[in-house]
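Asker: Those letters in the sequence shown? Residues 0 to 128, by numbering that gives the first Met the number 0. Dropping the structure in here first, questions after.
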Amino acid sequence: MSSTGSILIVDDDPDFLEYTRIVIESRGYRVRTASTTEVAMRLMQEEKPALVLLDVMMSYVLDGWNIARRLRSDPQLKDVPIIMISAIVSRDEASLFPTDDYVSIDSFMTKPVDPAELLCQISRLVEGR
Numbered sequence: 000m001s002s003t004g005s006i007l008i009v010d011d012d013p014d015f016l017e018y019t020r021i022v023i024e025s026r027g028y029r030v031r032t033a034s035t036t037e038v039a040m041r042l043m044q045e046e047k048p049a050l051v052l053l054d055v056m057m058s059y060v061l062d063g064w065n066i067a068r069r070l071r072s073d074p075q076l077k078d079v080p081i082i083m084i085s086a087i088v089s090r091d092e093a094s095l096f097p098t099d100d101y102v103s104i105d106s107f108m109t110k111p112v113d114p115a116e117l118l119c120q121i122s123r124l125v126e127g128r
C-alpha cells in the first residue's frame, strides 16, 4: 500500500463509487471520491493522489479524457497514474474515444470492473509490482 496520497475515484455513478471504494479500501488504501470534474480537480489540488480512476463519460461524453488531459498538463500532477474506466466499448460512442496519442493513460478497464484485476492494476501502478 502507498504511504503517500490516496486513490481518487471519479465517476458520476454513486453505486460504482461506493462499490469501488469498498473494494480498494479492503486492501488498506485511502480512497477519495468525486462525481464531477470540478470536485475531482479541487481534490487533486488539495492532495496529490497516488492514482486516479476516471470514468470516461460523466456529465459530458469525454469528461474523463478532459480530466486526464488537465492532469497531464499540470506540472504538479502530470506523473499521477491514471486508470480509465468505461462501460462503452461496443456502442457508437466508443468511436469518440481518443487514441493513446491524445492523452496518456496508464491502463484502461471496462465496466463491470473485475475487483481482482482492479486491485492488481492499482498495485502495479502505485507500488510498482
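Heads up, the beta-carbon is just placed ideally off N, CA and C, and yes, glycines get one too.
#1: Using alpha carbons as the reference points, say which of R31, E24, V55 and A49 lies closest to K77.
#2: List the residues that DSSP assigns as beta-bridge partners of A33.
#3: Is it a yes or a no for the region 6-14 touching the region 31-41, going by three-plus beta-carbon pairs under 8 Å?
#4: Can you tell me which of I121, N65, G127 and V112 puts its alpha carbon nearest to the alpha carbon of D14?
#5: Mark D99 as exposed unless 16 or more other C-beta atoms lie within 10 angstroms of its C-beta, in which case mark it buried.
#6: From the DSSP output, which residues share a beta bridge with S106?
#7: Specify whether the region 20-29 and the region 65-76 touch according to this definition: at least 3 beta carbon pairs, one from each stretch, less than 8 Å apart.
#8: With a threshold of 8 Å on Cβ separation, who are the neighbours of E24 within its own chain once the five nearest residues in sequence on each side are excluded?
#9: Between M57 and the rest of its own chain, which residues show a CB-CB distance below 6 Å, the 5 nearest in sequence each way excluded?
#10: Who are the Cβ neighbours of R69 in its own chain at under 7 Å, not counting the five residues just before and after it?
#11: Could you spell out where the alpha helix (DSSP H) holding D62 opens and where it closes?
#12: As a quick exercise: from E45, Q44, I66 and L42, pick the residue whose alpha carbon is nearest that of L53.
Answerer: Result, derived from the coordinates:
#1: With distances taken between CA atoms, K77 lies nearest to A49 out of R31, E24, V55 and A49.
#2: Beta-bridge pairing by DSSP links A33 to V9.
#3: Counting Cβ pairs under 8 Å, three or more are found: they touch.
#4: The candidate whose alpha carbon is nearest that of D14 is V112.
#5: Summary for D99: the model assigns pLDDT 49, below 50, so the residue's position carries little reliability; its value from the coordinates is reported in the next sentence. Counting every other CB atom within 10 Å of its CB across the protein chains shown gives D99 a total below 16, marking it as exposed.
#6: Paired residue(s): I82.
#7: Touching, no, given that fewer than three Cβ pairs across the two stretches are closer than 8 Å.
#8: Excluding its 5 nearest sequence neighbours in each direction, E24 has C-beta neighbours in its own chain below 8 Å: V30, listed in chain order.
#9: Answer for M57: D11, listed in chain order.
#10: Once the five neighbours on either side are set aside, the close Cβ partners of R69 are M40.
#11: Taken as a continuous stretch (DSSP letters only), the alpha helix (DSSP H) holding D62 covers D62 to S72.
#12: Closest in C-alpha terms to L53, from the list E45, Q44, I66 and L42, comes I66.
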